[in-house]
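Protein chains in written order, with full-length UniProt numbering: chain A, 1 to 463; chain B, 1 to 463. Backbone N, C-alpha and C fix where the C-beta goes; we use that ideal spot for every residue, glycine too. It should be emphasised that the depicted structure is a prediction, and the values quoted were computed from it without experimental measurement. Single-structure report; data block below.
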């Protein structure tokens, strides 16, 4: 396995060029206008997986965007690693805040990434991290270092809630059998402090629509006499949290897992500077639920955020309109043992109850996902930990993340596997934001670390 | 003057065609992209005024959009009527709610307008109503019926707060001297019930910007820990009114003119059906300040409306973003004796005080205008009333409107004139909304009534 560093040195320019080619494809799953690009991205991933040494690969249709599936079975008696990733990306807007176009990747040095970082939508989340696995596979097959079977499942609907994956997994249950599932779609604490994500929050995502009069009205003639959906929606949103930033939806906290004081003090040991955090974000103060620290608010506590809101005149200048409609996209991050379907129902019921008679309200559930926690005493976790030790020279820290990967709890339920989240991104990579980027150092470090996981996992499995 | 009906019959098709030509020009003052069309519209108005019999006409520049000025002085000893109107229009969006393109006028019959109505942005507000005066002028000069001097001042910034008119009026004070100012930029109760607008509300229009972190963030990683500007802006807007829909800005009501019980019961006599009102707007209930009727809420009471609000992801599907910024356009309608500059300051101070330390807030004043009330015992009002009696066979009802025309109080202050608001639009004309239209009957009735005003005003002035 020592040849991995040499292989990386020799091939790193090509590894970057190949990633750049994939990043150029605007595979935005949320927008139907990019359906053709979604297929183009799926085809590219399939081709690269075959080149990397997979025996078979296919673009497998779903009622939405297709899943790319590939595999190399060397011996049925050896363990099988299933790699999951996604080739779809978040919409890039607001476009005017990007320093370079989101689908024209450029490499630039930053303070955190003096070796350079690739700036493009999807560079970190998740094309860059997914492609580390493809290149690790190439190394292992080219150098006779693949110690076990491997399956790839790269989906196209992660950013829209993996809507059809449930169906697809059930359809392909036999084919997907594995001993561990490996995912790189999260981050680590810093380049000096490797970490493995052991917890993810769940998600409930809804869209709400408030309707006043049947048409836009003149605010001079009707203002003050007819309900303004924007004022009303603001008032309704304000009522979703109380003065301590607790969520006011009845029943919302009923099943929330409360950590013990011991667990909370262990969490508090993670390296974290509130001053640095505020400075990086340029905020005078943090903002969150009373009684919890910033780290806790962002990981073990549920949240409610307006992700988008609009209505009325939003162009240049002034228009004295009393709009007919107001809209908001609202998402809630959930923690163990909240059930996203139950929470969505509680939200809907409560939100509708807040509406005065002067408006009509519609709540449309978008999608959701269950929270997940990885046990650290499994072979999967131990193998991952050993792999980081090989390449970072340090034991990684187990860490709960505030993000959500809906697939994770679905995998556990349908395939009865443990999921290992080996993420190589950084907090500062601006995923889901303008100027998303992924450090070249991180990209190469990921490719270097992954084969060690295969080695240790196979060896530990034999014992 | 009896020849006016005959003249209308003979020329009405041409009168319509000429208006259609002007409506085709997208003279949107709020959007800099339409600067060329603004000039095109000004040139067209100038040309039509010369054709209608004015001796001189000019497109007079301002630091913003130009004013069209024209006049015909027949005898310095006779009274002078100054006609005001505007050639700019409101932005047409949301475009997808128009049944036909806003700048491709079409004539269609409606329930209220069986004679047909012209559908186009500006058809009623104010190109259609302004053009009635041009055609009334044509009739009077062609038929030797012009009894006095006339001046026209047609501006291009009414829909953006007449920003440079103050300057322009001061520059042209001598030239603008007059005995009465005549404006058709309001409505009447119904085709059966003529009315003259005797009051207008003032306006304060501001834009607010709430900033959280210095970039859009992933709502999974930062949600719950960092302020969400959309949640915060909603909470701040909710705090601008109380549970009785009173405005909570300290000092806001200090100078509000309170009507006597007698005045309020006189107002309550105006024909109004709450059931019809709700049915037309398709609302289950009205919504407004406790203790006041719908008519009062829309005319004699001040208001606060969010005219537009936006932030975060507003495209198709879902994006789990914690936005960096949230915006709202907010306007307040003011009543006598509120000072819009003072109110704007009160709003700014209060709004800034509502912001928690976790966000930055900016309040940008857009524009404003003073409220106005016309006395009904003036020659101007009496002449207008007599004119309606000639053509409608009924005495018009004096009525307070909820809308604002910032110029009106400016005129009174700078030119020391009384302003007569002879509006021929209807409530249902959808001004500032999609599918704005103006009844052909109303257009022709306006052209018929205006010359009678000149006749009566000149005769009453001689006494």
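Note on residue 175 (chain B): under 16 other CB atoms within 10 angstroms of its CB, so exposed under the neighbour-count rule.
Counting along the chain, residue 176 (chain B) sits inside no beta strand (DSSP E), nor does DSSP assign it H or E at all. Close to residue 258 (chain B), with beta-carbon spacing below 9 angstroms, lies no residue of chain A; the smallest spacing is near 16 angstroms.
Here the alpha carbon of residue 400 (chain A) sits roughly 13 angstroms from the alpha carbon of residue 420 (chain A). For residue 182 (chain B), the pairing in a beta bridge is given by DSSP as B:83, B:420. Residue 274 (chain B) counts as exposed, since fewer than 16 other C-beta atoms from the protein chains shown sit within 10 angstroms of its C-beta. Secondary structure within the UniProt domain "Peptidase M20 dimerisation" (199-357) of chain B: the alpha helix (DSSP H) runs of 4 or more consecutive residues, fully enclosed, are 219-222, 229-238, 261-267, 274-281, 294-297, 340-354 (chain order).
Looking at the backbone, the Cα of residue 290 (chain A) and that of residue 265 (chain A) are separated by about 17 angstroms.
Bounds of the alpha helix (DSSP H) holding residue 134 (chain B) are 127-142. When the Cα atoms are used, residue 282 (chain A) and residue 107 (chain B) turn out to be separated by approximately 56 angstroms. When the alpha-carbon of residue 385 (chain B) is set against those of B:454, B:1, B:307, B:97, the nearest one is in B:454. Apart from sequence neighbours up to five positions away, the residues of its chain that approach residue 446 (chain A) with a beta-carbon distance below 7 angstroms are 129, 132, 184, 424, ordered along the chain. Along the stretch 354-379 of chain B, the positions whose C-beta sits under 9 angstroms from a C-beta of chain A are 356, 357, 358, 359, 360, 366, 367, read in chain order.
Taking all protein chains shown into account, residue 374 (chain A) has 16 or more neighbouring C-beta atoms within 10 Å of its C-beta and is therefore buried. Close partners of residue 222 (chain B) in chain A (Cβ separation under 7 angstroms): 298. Our two residues, residue 29 (chain A) and residue 87 (chain A), have alpha carbons roughly 9 angstroms apart in a direct line. Partner residues in the beta bridge of residue 151 (chain B), as assigned by DSSP, are B:71, B:82. Under the 10 Å beta carbon count, residue 333 (chain B) is surrounded by 16 or more other beta carbons and is classified as buried.
For the stretch 383-408 of chain B, the residues whose beta carbon sits under 8 angstroms from a beta carbon of chain A are, in order, 401, 402, 403, 404. If you draw a straight line from the Cα of residue 390 (chain B) to the Cα of residue 43 (chain B), it comes to about 34 angstroms. Here the C-alpha atom of residue 241 (chain B) lies approximately 26 angstroms from the C-alpha atom of residue 322 (chain B). Per DSSP, residue 451 (chain A) is one residue of the alpha helix (DSSP H) stretching across 440-462.
Note on geometry: alpha-carbon atoms of residue 149 (chain B) and residue 327 (chain B) lie some 49 angstroms from one another. Around the beta carbon of residue 450 (chain A), 16 or more other beta carbons lie within 10 angstroms, which makes this residue buried. Residue 246 (chain B) and residue 252 (chain B) have their C-alpha atoms some 10 angstroms from each other. By the Cβ neighbour-count rule, residue 201 (chain A) is buried, with 16 or more other Cβ atoms within 10 Å of its own. Counting only runs of at least 4 residues, the stretch 384-436 of chain B fully encloses the following alpha helix (DSSP H) elements, listed from N- to C-terminal order: 407-415. Residues of the stretch 85-102 of chain A that bring their beta carbon within less than 8 angstroms of a beta carbon in chain B comprise 90, 91, 93, 94, 97, in sequence order. With respect to the 7 angstroms criterion, residue 418 (chain B) and residue 378 (chain B) are classified as neighbours on the basis of their beta carbons. With respect to the C-alpha of residue 393 (chain A), the residue from A:4, A:193, A:304 having the closest C-alpha is A:193. Within 7 angstroms of the CB of residue 286 (chain B), the CB atoms of chain A belong to 225, 226, 358, in sequence order along the chain. In this structure, the straight-line span from the alpha carbon of residue 441 (chain B) to that of residue 114 (chain B) is close to 9 angstroms.
Look at residue 218 (chain B): its C-beta is under 7 angstroms from a C-beta on chain A. The beta strand (DSSP E) runs of length 3 or more contained entirely in the stretch 12-70 of chain B are, from start to end of the chain, 56-60. Here the C-alpha atom of residue 59 (chain A) lies approximately 23 angstroms from the C-alpha atom of residue 103 (chain A). Inter-residue distance for residue 267 (chain B) and residue 197 (chain B) is about 13 angstroms (C-alpha atoms, whole angstroms).
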